[in-house]
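Participant: Those protein sequences? They're chains W and S, same order as listed. For the first sequence, the numbering used here gives the first residue as 322, with consecutive numbering after it. For the second sequence, the numbering used here gives the first residue as 28, with consecutive numbering after it. C-beta atoms are modelled at their ideal positions from N, C-alpha and C, and glycine is treated no differently. Okay, here's the structure, questions in a sec.
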Amino acid sequence: DAGVTQSPTHLIKTRGQHVTLRCSPISGHKSVSWYQQVLGQGPQFIFQYYEKEERGRGNFPDRFSARQFPNYSSELNVNALLLGDSALYLCASTADRDYEQYFGPGTRLTVT
Amino acid sequence: EDQVTQSPEALRLQEGESSSLNCSYTVSGLRGLFWYRQDPGKGPEFLFTLYSAGEEKEKERLKATLTKKESFLHITAPKPEDSATYLCAVQVSGNTPLVFGKGTRLSVIA
């Protein structure tokens, strides 16, 4: 079975630009969470979606937004990019809110 | 505030030299404690979930244990392919996100 997939793998953007990251969960998983991981740190929670509704939001500015589609895939959008947004963005899926989270390979975003 | 602290930050072992990684946590309540392995530039790979004090789980050379305040990841006779960053995370309740520690970077030298 395919695991969590994310696209693109790598991305280079300029300050002030907008970016959209995509995630497809494991088949049958209804919940998707997004995390940001900067070098040398553990992942930090950004959003959780379950059945297309936002179920949780971490301590990130309003420049960050997300949505989940009817097929349970998800997008993370970041506006007005800052240098500090450079990180590995991870998507995780769970069969339900109460189960283990399985992570995708991540999208490496570099902001110059 | 829920906190997870992992130690040591980095650990260098000779092949076959067993050791333990520590994860201590301060949370308002614990639904589960999770261990992940992460290779450089890749997403975390799920290893174990522990739910209650006294619980133990094993997988190959890894064994995870849980007490009321901390968890240990024991690595027995490690091999170079065990080199990775090991992340610990806690979940307070079923609808809350994972709170991660900074990880322990393990290097196993042949």
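Measure the alpha-carbon distance for W/Gln358 versus W/Gly379 and round it to whole angstroms.
Facilitator: As a first step, residue 358 of chain W is located in the first sequence; it is residue number 37 there, counting from the start. As a first step, residue 379 of chain W is located in the first sequence; it is residue number 58 there, counting from the start. Distance between the alpha carbons of W/Gln358 and W/Gly379 is about 13 Å.
Participant: Using a beta-carbon distance cut-off of less than 8 Å, what residues from the region 108–128 of chain S approach chain W?
Facilitator: Hits within the stretch, in order: Leu114, Ala116, Gly121, Asn122, Thr123, Pro124, Leu125, Val126, Phe127, Gly128.
Participant: Measure the CB-CB distance between W/Thr433 and W/Pro329 and report whether it falls below 9 Å.
Facilitator: Here residue 433 of chain W is taken as the residue at index 112 of the first sequence, counted from 1. Here residue 329 of chain W is taken as the residue at index 8 of the first sequence, counted from 1. In this structure, W/Pro329 does not lie closer than 9 Å to W/Thr433 by Cβ.
Participant: Measuring alpha carbon to alpha carbon, tell me which residue in W/Ser345, W/Thr335, W/Gly337 is nearest W/Tyr423.
Facilitator: On the first sequence, residue 423 of chain W is found 102 positions in, with the first residue counted as 1. When each option's Cα is compared against that of W/Tyr423, the closest is W/Ser345.
Participant: Could you tell me the alpha carbon to alpha carbon distance between S/Glu44 and W/Ile347, rounded to whole angstroms?
Facilitator: Against the second sequence, residue 44 of chain S aligns to sequence position 17. Against the first sequence, residue 347 of chain W aligns to sequence position 26. C-alpha separation (whole angstroms): 37 Å.
Participant: Report yes or no: do three or more beta-carbon pairs, one from the region 60–72 of chain S and one from the region 107–121 of chain S, lie closer than 8 Å?
Facilitator: yes
Participant: Could you tell me whether the Cβ atoms of S/Lys90 and S/Glu83 are closer together than 9 Å?
Facilitator: Indexing the second sequence from 1 puts residue 90 of chain S at position 63. Indexing the second sequence from 1 puts residue 83 of chain S at position 56. The answer is yes: Cβ separation under 9 Å.
Participant: Are any of the Cβ atoms in chain S nearer than 9 Å to that of W/Ser354?
Facilitator: Within the first sequence, numbered from 1, the residue matching residue 354 of chain W stands at position 33. Closer than 9 Å to some Cβ of chain S, the Cβ of W/Ser354 qualifies, so yes.
Participant: Does S/Gly70 get closer than 9 Å to chain W when you measure Cβ to Cβ?
Facilitator: Translated into the one-based positions of the second sequence, residue 70 of chain S becomes position 43. True, the Cβ-Cβ gap to chain W drops below 9 Å.
Participant: Buried or exposed for S/Pro71, please, with buried defined as at least 16 other CB atoms from any protein chain shown within 10 angstroms of its CB.
Facilitator: The count along the second sequence starts at 1 and reaches residue 71 of chain S at position 44. Buried, by the Cβ-count rule.
Participant: Which residue's Cα is closest to the Cα of S/Val135: S/Thr32, S/Pro105, S/Phe127, S/Phe73?
Facilitator: Here residue 135 of chain S corresponds to residue number 108 of the second sequence, with the count starting at 1. The shortest C-alpha separation from S/Val135 is found at S/Pro105.
Participant: Would you say W/Pro426 lies against chain S (beta-carbon separation less than 9 Å)?
Facilitator: Start at 1 with the first residue of the first sequence, and residue 426 of chain W comes out as number 105. W/Pro426 counts as touching chain S.
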